[in-house]
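The structure appears right after this line, and notes come after that.
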């Protein structure tokens, strides 16, 4: 699946940082890695997502909306599938939590 555009470049430019400077802040090995992230040619690692959240003071979902939507849809699908198969210890608590996940993600802006 192709990656959708993200807002990383816009936030970087708004902050006045160069690609090299943001790459250094994120601990990336090169500016070209950041360029690939900005162009949505590659997915960010969790360390990059968390670093971007701290650097720009916005959520990863705001910076990478396409990735966030993809993850939400996948979790929603898995939760709906899992809801009917939950049993064993704490089954009711699990079902309640899974139902809350489905409700929350069904009402998000997918």
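In our numbering, the protein residues as written are 1014 to 1123.
Backbone N, C-alpha and C fix where the C-beta goes; we use that ideal spot for every residue, glycine too.
Residue-chain proximity (residue i, chain C), Cβ-Cβ < 7 Å
| i | result |
| --- | --- |
| residue 1108 | Absent here is chain C; the protein component of the structure consists of one chain. |
Residue i and residue j closer than 7 Å at C-beta
| i | j | result |
| --- | --- | --- |
| residue 1018 | residue 1053 | yes |
| residue 1076 | residue 1051 | no |
Close beta carbons around residue i, own chain, < 7 Å, minus the five adjacent residues each side
| i | result |
| --- | --- |
| residue 1095 | 1111 |
Minimum C-alpha distance to residue i - residue among the options
| i | options | result |
| --- | --- | --- |
| residue 1031 | 1121, 1047, 1089 | 1047 |
Cα-Cα separation between residue i and residue j, rounded to whole angstroms
| i | j | result |
| --- | --- | --- |
| residue 1102 | residue 1117 | 24 Å |
| residue 1025 | residue 1099 | 44 Å |
| residue 1104 | residue 1097 | 11 Å |
Residue i (DSSP reduced to helix, strand or coil)
| i | result |
| --- | --- |
| residue 1095 | helix |
| residue 1116 | helix |
Close-in-space but distant-in-sequence residues of the same chain around residue i (CB under 6 Å, 5 per side omitted)
| i | result |
| --- | --- |
| residue 1081 | 1074 |
| residue 1062 | 1073 |
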